[in-house]
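Everything on this sheet refers to the single structure shown next.
Number of protein chains: 2
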Amino acid sequence: MQSFSRIQPISLREQVVQQIRTAIIEGQLKPGDHIVESSLTDQLGVSRTPVREALILLEREGLVVSEANRGSFVRAFTLEDVSNIFSMRVALENATGEACIDKLEDDDYAYLDNLIERQKVHITAGNHKEIRSIDVKFHRFLVEKSENPLINRFWSEIVAQIAALLNIRAEAIPDYNEYLAISDHTSIVVAYRQRDLEALKAANKRINDRVASECRLAIEMLGG
Amino acid sequence: MQSFSRIQPISLREQVVQQIRTAIIEGQLKPGDHIVESSLTDQLGVSRTPVREALILLEREGLVVSEANRGSFVRAFTLEDVSNIFSMRVALENATGEACIDKLEDDDYAYLDNLIERQKVHITAGNHKEIRSIDVKFHRFLVEKSENPLINRFWSEIVAQIAALLNIRAEAIPDYNEYLAISDHTSIVVAYRQRDLEALKAANKRINDRVASECRLAIEMLGG
DNA sequence: AATATGATTTTTGTTAACAATCAGTAACTG
DNA sequence: CAGTTACTGATTGTTAACAAAAATCATATT
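Heads up: the protein sequence lines correspond to chains A and B, in order. Count along the first sequence from 1, then add 32; that gives the number in the numbering used here. Count along the second sequence from 1, then add 32; that gives the number in the numbering used here.
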């Protein structure tokens, strides 16, 4: 008998979450913007309930801030926020390393190397959307290898915030040297290949400190 | 002019969250229980919307699992869940240490010592609710000292799950030796006093590995 | 003119009703 | 009688309407 692939119900709530999330990450919704429920119901063609529920989830995700009886606003990251986000990312990716530095096989490394190569192509082509997409794929692959759903969930929240921040960086620094990501990812793969946890932690810290300072600079340039 | 303290509106949603959370943590709602929205509306005297919104938040908190079109269930922790939760706790409390091992002042240590002393009293009195409460206060104090809201939020989520687990442990092992917490907390304070990050990380790992194995044992004893 | 007060509008919080889905049971078919 | 199909009750997903709070704007007062 023909084997069908499982069809999973995707609720309106989840669809709304995805739309608002990408709108924030891609900068169509600007930091500080008031997200009015009724305006979203008009645009999305759904009622307020799924919108409200989506906003609750996005607040938990750190992309939205809501005040009682006043509504939801696109989160405007402060300089401290940026530091906190990236130091948490270091903690999570270090934990990832501890969980899976001995788990990676040859084809895992091959996959990571392949991502790096594809990344190079997109950088020379200047295809920013793809650059970000592969960047996330690279890190998510490792995080998923940890097989710790908790690391996964926290990291996914963080990475949505970072995506928003990198969009801000791209606005402030249009000629940003994306090739840095190549050497970053390469040094991470090297550390994993050598099963050198300390080297991995050092690389994580170095990389995230740099990106954090870039994002702080971007915020200062744009925000005031 | 008289200075008033700010009065903050507490939504029905948040009240419902708190009630369900404590019901789960204190074991009135058992793992696997189907949480039927309409039965909660009856008991709480509110409509379904705040209940639904509360359940969404509790799912994010990891205390509730919900399946599409089937509803919400009290999360039944697996043995793997327990390992993941406590290794994440180690990661977070290590990050806490890195953030604030040089920040603590004399009165901070005095406060922590005082908590340990009060803890002893409650243990000899067999006052389990207070034991747990001070336990959380101890760790939360350090986490808040990190001044990283992200560490705070993630740790708070984790700690709600751990509270549920410790309730299970108490059911399975009624004569659990609570004095272990005293030596645990003492060794943490010692590490902080000596500003010895490695000692702190070792203590965190040792403590959480032990508690994790206790919780796994409890689950095996009860669950089958 | 600047500030405070009051009415109006907008927006959120909450409730109640409707639609779709699911679990279980009874009826039908071979 | 085994297995499928139709029905029933219960529960969730969604919509629409109502109530409360906040924001906006006009008016009055000093």
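C-beta atoms are modelled at their ideal positions from N, C-alpha and C, and glycine is treated no differently.
request  = Can you give me the Cβ contacts of K237(A) inside the same chain, cut-off strictly under 8 Å, excluding the 5 residues immediately before and after it?
outcome  = V122
task = Please report how far the alpha carbon of S119(B) lies from the alpha carbon of A223(B), in whole angstroms.
result = 19 Å
message = Against chain A, with Cβ distances strictly below 8 Å, would A234(B) count as a contact?
response = no
task = Answer with yes or no whether the minimum CB distance from R80(B) to chain A is below 8 Å.
result = no
task = Give me whichever residues DSSP pairs with E93(A) in a beta bridge.
result = Partner(s): none; E93(A) has no beta bridge.
key: Integer Cβ distance of A213(A) from D167(A), believed to fall under 8 Å   = 6 Å
ask   = To the nearest angstrom, how far is it from the Cα of E210(A) to the Cα of T73(A)?
value = 38 Å
request  = For R92(B), return the contacting residues in chain A, with the cut-off set at a CB-CB distance below 8 Å.
outcome  = L89 and R92
Euclidean distance between Cα positions of V153(A) and S215(A) = 14 Å
query = Can you name the residues of chain B whose CB is closer than 8 Å to the CB of N116(A)?
reply = N180, P181, L182 and I183
ask   = Is E252(B) helix, strand or coil when you go by DSSP?
value = helix
task = Would you check if the distance between the CB atom of L76(A) and the CB atom of Q51(A) is smaller than 8 Å?
result = yes
task = Assuming I220(B) contacts L229(B) (C-beta within less than 8 Å), just tell me the rounded distance between them.
result = With a Cβ gap of about 12 Å, I220(B) and L229(B) do not count as contacting.
Closer than 8 Å to chain B by CB, E69(A) = no
ask   = Which class does S104(B) belong to by DSSP, given the choice of helix, strand or coil?
value = strand
key: Inter-residue Cα distance where the pair is V243(B) and R172(B)   = 17 Å
query = How about the region 87 to 104 of chain A and the region 84 to 97 of chain B: do they share at least three Cβ pairs that are nearer than 8 Å?
reply = yes
inquiry  = Using 8 Å as the threshold, is the C-beta distance between T218(B) and L174(B) below it?
reply    = no
query = Run through DSSP, which three-state label would S98(B) get?
reply = strand
query = What are the partner residues of H217(B), as DSSP defines its beta bridges?
reply = In DSSP, H217(B) forms no bridge with anything.
key: Buried or exposed (CB count within 10 angstroms, at least 16 for buried), A250(B)   = buried
key: Residues of the region 35 to 53 of chain A whose Cβ lies closer than 7 Å to any Cβ of chain B, in chain order   = P41 and S43
key: Residue interval of the alpha helix (DSSP H) (run including T54(B))   = L44 to I57
ask   = Going along chain A, which residues have a C-beta under 7 Å from F186(B)?
value = F186
task = Taking A244(A) as the query, report the chain B residues whose CB atoms sit under 7 Å from its CB, ordered along the chain.
result = Residues of chain B passing the Cβ test: none, with the nearest at roughly 13 Å.
request  = Quick one: residues in its chain with C-beta nearer than 7 Å to the C-beta of H66(B), no 5 flanking neighbours on either side, listed in chain order?
outcome  = G103 and F105
inquiry  = I want to see whether chain A comes within less than 8 Å of E85(B), judged by CB atoms only; does it?
reply    = yes
query = By a C-beta neighbour count over all protein chains shown, 10 Å radius and 16 as the cutoff for buried, is F36(A) buried or exposed?
reply = exposed
message = So with CB distances below 7 Å, who are the chain A contacts of A55(B)?
response = Chain A residues near A55(B): none, gap ~20 Å exceeds 7 Å.
ask   = Helix or strand or just coil, what does DSSP make of I205(B)?
value = coil
inquiry  = I want to check one thing, is the minimum distance from the CB of D145(A) to the heavy atoms of the ligand SAH below 7 Å?
reply    = As far as ligands go, the structure on display features none, and thus does not contain the ligand SAH.
request  = Check I39(B) in the structure and name its three-state DSSP category.
outcome  = coil
query = Can you find a C-beta in chain B that's less than 8 Å from the C-beta of S119(A)?
reply = yes
key: For I133(B), three-class secondary structure by DSSP   = coil
query = Do we get a CB-CB distance below 8 Å when we pair N101(B) with the residues of chain A?
reply = yes
ask   = What three-state label does DSSP hand S245(B) in the structure shown?
value = helix
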